[in-house]
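One structure is given below, encoded as structure tokens.
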Amino acid sequence: MGKIKRIIRECRYGIHDISRVQLDGANQLPRFNMPLELGLFLGAQEYGSGGQKQKRSLVLDSEPYRYQKFCSDIAGQDIRAHGDSPARVIAAVRAMLSTARGGNARIPGETKIRSRYARFRAELPSICRRIHLRPAELQFVEFRFLVRDWLSTHPL
């Protein structure tokens, strides 16, 4: 929890995909990490001071209004349905970041973002081979660093 709270404290933007609530095969219980993290983020935004009040979030779910069946208390948030489509996720995230930054952010268009992401994904296996890992073995923090490094060597 300490690491999650630190990340939330440091982040100005939160993107929370609450769609993955399927039952775990081993114990037949859902994982509710994302809704928990969303609650912490919204709490920091509501009850924090200074920069915490400036936080902006995007809540995603796979189907429109599905969240009302398992997390109805977040009604009133602007929850975007992505239909399990990466293109729709990219569009929603880009729109949120552009709006949150007052429209003055230099964010590439959806088509450019999708093509760059496809290129990164195509190169990921060879990147992983160089560090003696398979893509499926990457932890999120490792994936994040690989994306950052790739972006720094592949500017717009």
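Just so we're aligned, residue 6 is where the sequence shown starts under my numbering, counting upward by one.
By construction, the Cβ of each residue, glycine as well, lies at the ideal position given by its N, Cα and C atoms.
Everything numeric in this text was worked out from a predicted model, so none of it was measured.
According to DSSP, residue 79 shares a beta bridge with no other residue. Annotation for residue 62: the continuous beta strand (DSSP E) segment containing it runs 61-66.
By the neighbour-count criterion, in which 16 or more other beta carbons inside 10 Å mark a residue as buried, residue 137 falls on the exposed side.
One thing to note: residue 23 has its Cβ no nearer than 7 Å to the Cβ of residue 70. Per DSSP, the continuous alpha helix (DSSP H) segment holding residue 11 begins and ends at 7-15. Non-local beta-carbon contacts of residue 10 in its own chain, meaning distances under 8 Å to residues more than five positions away in sequence, involve 45 in chain order. Exposed is the label assigned to residue 130, since fewer than 16 other Cβ atoms lie within 10 Å of its Cβ. A Cβ-Cβ contact shorter than 7 Å links residue 119 with residue 95. Two segments are said to touch when three or more pairs of C-beta atoms, one from each, lie closer than 8 Å; by this definition the segment 28-35 does not touch the segment 48-65. Using a 10 angstroms sphere on the CB of residue 88, the tally of other CB atoms stays under 16, which defines it as exposed. The Cβ-Cβ distance between residue 64 and residue 84 falls below 7 Å. For residue 19, the enclosing beta strand (DSSP E) stretches over residues 18-22. Counting the other CB atoms within 10 Å of its CB gives residue 43 a total of 16 or more, which places it among the buried residues. At the C-beta level, residue 75 and residue 26 come within 7 Å of one another.
Judged by their CB atoms, residue 18 and residue 61 are nearer to each other than the 7 Å cut-off. Contact annotation: residue 126 and residue 133 have beta-carbon atoms that are not nearer than 7 Å.
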